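End of the sequence shown = 662 in this note's numbering, gap-free, step of one.
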Amino acid sequence: MSISGATDRLMSVIILFSTQNKELAMKYLCLVYSAENLLDTMPDSDCLAYDESIRKSGYCLAAEALQPVHTATTVRVRDGKISIADGPFAETKEQLAGFYLIEAKEAIQLAAKIPPAQVGSIEVRPIREMARQGGQEV
């Protein structure tokens, strides 16, 4: 299967979540890492089934996918000067294949159910709340 096929498959699993009991939940970003060629080993049906179940559960707010790593552009600003480089920030064995923004008490359990966890890894990181001034996020 091509990288395009892997990207199409990821389209169905890059999802934003919310819980019904938000006051008890925390926000987490689940970063999905995998070697792109290993994503080709994931059946589309697994990703589509997960997407359908998470949508029906009411956790899903939106779904997006990342294009293959070769389409990435890295932007840096140093001393006011913009520098642009083709490709990802760093060369690694596993690339950022997607992400999930979730709001839940059971972030680890939700992350473990993300199908690409079977061939890659999921980094679960709490969202940092930004300080507010006058009711506005800073």
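Glycine residues also receive a C-beta, built at the ideal position from the N, C-alpha and C atoms.
Computed from a predicted structure; not experimentally measured.
#1: Once the 5 residues before and after residue 552 are set aside, which same chain residues still bring their CB inside 6 Å of it?
#2: Where DSSP assigns a beta bridge to residue 627, which residues make up the other side?
#3: Quick check on the burial criterion: 16 or more other C-beta atoms within 10 angstroms. Buried or exposed for residue 567?
#4: Give the secondary structure of residue 559 by DSSP, where H, G and I count as helix, E and B as strand, and everything else as coil.
#5: Over what stretch of residues does the beta strand (DSSP E) that includes residue 606 continue unbroken?
#6: Out of curiosity, what's the CA-to-CA distance linking residue 629 and residue 549?
#7: Between residue 513 and the rest of its own chain, which residues show a CB-CB distance below 7 Å, the 5 nearest in sequence each way excluded?
#8: Check residue 590 in the structure and name its three-state DSSP category.
#9: Apply the 10 Å Cβ neighbour rule to residue 644 and answer buried if 16 or more other Cβ atoms are within range, or exposed otherwise.
#10: Buried or exposed: where does residue 608 fall if 16 or more other Cβ atoms within 10 Å of its Cβ makes it buried?
#11: Among 562, 589, 561, which one has its Cα closest to the Cα of residue 572?
#12: If contacts are defined as beta-carbon pairs under 8 Å, then residue 621 and residue 557 qualify, I think. What distance do you get, rounded to the angstrom?
#13: To the nearest angstrom, how far is the alpha carbon of residue 539 from that of residue 642?
Reading off the structure:
#1: Within the sequence shown, the letter at position 28 stands for residue 552. For residue 552, where only same-chain residues beyond five positions count, the Cβ hits under 6 Å are 626, 631, 648, 650.
#2: Position 103 of the sequence shown, counted from the start, is the residue given in the question as residue 627. Per the DSSP secondary-structure output, residue 627 pairs in a beta bridge with 551.
#3: In the sequence shown, counting from the first residue as 1, residue 567 sits at position 43. Residue 567 should be labelled exposed.
#4: Counting from 1 along the sequence shown, the entry for residue 559 is found at position 35. Of the three classes helix, strand and coil, the one that applies to residue 559 here is coil, per DSSP.
#5: For the purposes of this step, residue 606 is identified with residue 82 of the sequence shown, where counting begins at 1. Segment 605-610, the beta strand (DSSP E) holding residue 606.
#6: Walking along the sequence shown from the start, residue 629 turns up at place 105. Walking along the sequence shown from the start, residue 549 turns up at place 25. Taking the straight line joining both Cα atoms gives about 5 Å.
#7: In this structure the chain extends from 525 to 662, so residue 513 is not present and cannot be described.
#8: By 1-based counting over the sequence shown, the position of residue 590 is 66. The answer is coil: DSSP assigns residue 590 none of H, G, I, E or B.
#9: By one-based count along the sequence shown, residue 644 stands at place 120. So residue 644 counts as buried.
#10: Within the sequence shown, numbered from 1, the residue matching residue 608 stands at position 84. When all chains shown are included, residue 608 counts as exposed.
#11: Looking up residue 572 in the sequence shown gives position 48. Closest option to residue 572, Cα to Cα, is 589.
#12: As a position in the sequence shown, residue 621 is number 97, starting the count at 1. As a position in the sequence shown, residue 557 is number 33, starting the count at 1. Contact holds; Cβ gap of about 6 Å.
#13: Numbered from its first residue, the sequence shown carries residue 539 at position 15. Numbered from its first residue, the sequence shown carries residue 642 at position 118. For residue 539, the pLDDT reaches just 37, beneath the cut-off of 50, and the residue's location in the model is therefore unreliable, leaving the point undetermined.
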